[in-house]
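Asks: Sequential numbering from 9 applies to the sequence shown in the working numbering. Positions of the beta carbon are idealized from the N, C-alpha and C atoms, including for glycine. Remember, predicted model here, so these are calculated numbers, not experimental data. Dropping the structure in here first, questions after.
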Amino acid sequence: MTCQSLVLTRKTNILFVRSFTILVLIWIVMKPEVCFSSVLSSLKALHLQGYITFENNEFASRDFGNQIHSHPVAVVHPKSVTDISEIVTHVWQMGPASELTVAARGHGHSLQGQAQARGGVIINMESLRQDQEMQVYYRGVQFPYVDVSAGELWINILHETLKYGLAPKSWTDYLHLTVGGTLSNAGISGQAFRHGPQISNVRQLEVVTGKGEVLICSQEQNADLFHAVLGGLGQFGIITRARISLERAPKMVKWIRVLYSDFSTFARDQERLISASKTFDYIEGLVIKNKTGLLNNWRTSFDPQDPVQASHFVSDGRTLYCLELTKNLYPEKFDTVNQEIEDLLSQLSYIPSTLFMSEVPYIDFLDRVHASELILRSKGLWDLPHPWLNLLVPKSKIQHFANEVFGNILSDTNNGPVLVYPIQKSKVDNRTSFVCPDEDIIYLVAFLSHANPSSNGTDSLQHVLTQNKRILDFCEVSHLGVKQYLPHYTTQEQWRTHFGPKWEVFVQRKSVYDPLAMLAPGQNIFQKAVSVS
């Protein structure tokens, strides 16, 4: 072979390699677009009773926390459970070659993007409730219950069940949340000491698993799935329908507030009340720090028992603890209920001049937060970031926690309420996925802050986030055994620590019900294992 031939061959080879490299690079660049296009085409080809939107889906990348914004590729608006099953089955059948994930979205009240799915599919659960009527069962049954869509709001359930003189037993403080959303966490409020959280008052569920199966589950049927999805953070299936236990509902309640200046006395009285056989029907506590004119503000809704003494009470610059109570009013007990309340209050050691009472309709009390919401919305303050921090603190550590957090870390409570009240662990089924400290009495401590627009140029959101971190760091360094409620972690190791002894069961259930880890990716517990072809 001549030198000229060798040179020509070498040039040809170089040209081929360059051309091949360019083609490979073009394929690498183009492949995501091709894959994305095929995903869209496959979704558009599905025959649903509802419909799918691919544009104007910004609402699905926002939530109440207003800190994380992940945009989906599509939003499904289902008209039936079959629609949800079809979507999940479709993504399941795409296998690990697809990065597509699925998340159920209720009323959008997640705090850290938990119901979002970046580049995935969002299922708008509120669309489901529009075609599924509530059914109340009270005749011919031993215990009354209501069957509802998981996309139904608790406030709507309250309105419907009250028509029959009934209501669910356990609530959250805010009722404009979906059934599926609260049952995927726990659903805790001031009735939990008596009835347990909402997950303890469910008789049956309908669930679409991560493989698209539609299963009915209860304590007796598919019990492992039933317990897995309750408090399961959406990891094992999408709750599509629920059967909720009901009880007799009062028409009116006596609403009571009193103040304490000493935390240990405040905590002791709360623990006495939740352990007594005869007690109030709702028990919650709040921390109030550096509030001006507190009792004067109460007068708009409550009547002081001693107006003169109340007018002399000063809250400015103080750390106070408010005990909030209600007693249900039934016609047959009208003659005795005031004496019952007086007897119960006589056992407590609150500041006498701070006793305030009011008598309100049951529905007004339960929906009390919505009234505040309307005011905040009118001022444009409802859609601010909400960097909430919810903790479950064991009783044995609550005093130590209070001394440092309420005494030193917390500067005031002007950016939102701080709740603190006890519940009994015996009211929670340990077979569920819900995680709490291993003590008989646990305190829920909720820092419900919002990031106020600052007039002095300081970053209000960063201030609250820094405060939250100081609280979490203190809990960790002091080995308080605290667990997060509505948890948010960024690594699987943190999740492993959070679940503790329950982790292995959690992982095993995930492998059974959602083996591709395609459900609820916004929780950041598991990553979908994507194969590279």
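With a threshold of 8 Å on Cβ separation, who are the neighbours of SER46 within its own chain once the five nearest residues in sequence on each side are excluded?
Replies: Counting only Cβ-Cβ distances below 8 Å, and skipping sequence neighbours, we find nothing.
Asks: Going by C-alpha distance, which of ILE431, VAL513, GLN535 is nearest GLY240?
Replies: Out of ILE431, VAL513, GLN535, VAL513 has the C-alpha closest to the C-alpha of GLY240.
Asks: Could you tell me the distance, in whole angstroms, from the CA atom of SER178 to the CA atom of PRO402?
Replies: Cα to Cα, SER178 sits roughly 22 Å from PRO402.
Asks: Spell out a yes or no on whether the segment 124-139 and the segment 73-81 are touching, meaning 3 or more CB-CB pairs, one atom from each, closer than 8 Å.
Replies: These segments touch.
Asks: Please name the residue or residues paired with GLU279 in a DSSP beta bridge.
Replies: DSSP, once it has assigned bridges, lists no residue as partnering GLU279.
Asks: Here's the rule I'm using: 16 or more other beta-carbon atoms within 10 Å means buried, otherwise exposed. How should HIS115 be labelled?
Replies: By the 10 Å Cβ count, HIS115 comes out buried.
Asks: Enumerate in chain order the residues of its own chain whose CB-to-CB distance from ASP314 is below 8 Å, with the five nearest sequence positions on each side excluded.
Replies: Contacts found: PRO360, SER361, LEU363.
Asks: Rounding to the nearest angstrom, what Cα-Cα distance links HIS85 and PRO152 in this structure?
Replies: Straight-line Cα distance between these residues: approximately 31 Å.
Asks: ILE60: which of SER135, ALA105, ASN398, GLN120 sits nearest, CA to CA?
Replies: Measuring from the Cα of ILE60, the nearest candidate turns out to be SER135.
Asks: Are there 16 or more other CB atoms within 10 angstroms of the CB of ASN193, so buried, or fewer, so exposed?
Replies: ASN193 should be labelled buried.
Asks: Give a yes or no on whether the C-beta atoms belonging to GLY218 and ASP522 are separated by under 8 Å.
Replies: Against a cut-off of 8 Å, the Cβ pair of ASP522 and GLY218 comes out as a contact.
Asks: How far does the beta strand (DSSP E) with GLY430 in it extend, from its first residue to its last?
Replies: For clarity, residue 430 is Pro in the given sequence; the question names Gly instead. Run containing PRO430: 426-432, per the beta strand (DSSP E) assignment.
Asks: Consult DSSP for LEU325 and reduce its assignment to one of helix, strand or coil.
Replies: It is worth fixing the name first, because residue 325 is Gly in this sequence and not Leu. Note: GLY325 maps to coil in three-state DSSP.
Asks: Is it true that the CB of GLY293 sits closer than 8 Å to the CB of PHE321?
Replies: Not closer than 8 Å, so no.
Asks: In whole angstroms, what is the alpha-carbon distance linking ALA82 and LYS387?
Replies: Cα-Cα distance, rounded: 32 Å.
Asks: Any idea what DSSP makes of PHE72, helix, strand or coil?
Replies: Correct three-state label for PHE72: coil.
Asks: Please report the distance separating the alpha-carbon of PRO425 from that of LYS171.
Replies: One C-alpha to the other measures close to 32 Å.
Asks: Given 8 Å as the limit, is there contact between the segment 209-216 and the segment 251-268, that is, 3 or more CB pairs closer than that?
Replies: Yes, the segment 209-216 is in contact with the segment 251-268.
Asks: Consult DSSP for ILE130 and reduce its assignment to one of helix, strand or coil.
Replies: Three-state result, ILE130: strand.
Asks: Please classify LEU303: is it buried, with 16 or more other beta-carbons within 10 angstroms of its beta-carbon, or exposed?
Replies: Buried, by the Cβ-count rule.
Asks: Can you tell me the Cα-Cα spacing of THR97 and GLU221, whole angstroms?
Replies: Between THR97 and GLU221, the C-alpha separation is close to 8 Å.
Asks: Is the CB-CB distance between ASN398 and TYR493 below 8 Å?
Replies: Closer than 8 Å, so yes.
Asks: Starting from ILE95, trace the alpha helix (DSSP H) both ways and give me its first and last residue.
Replies: ILE95 -> alpha helix (DSSP H) spans 89-102.
Asks: Does DSSP put ALA528 in a helix, in a strand, or in coil?
Replies: Of the three classes helix, strand and coil, the one that applies to ALA528 here is coil, per DSSP.
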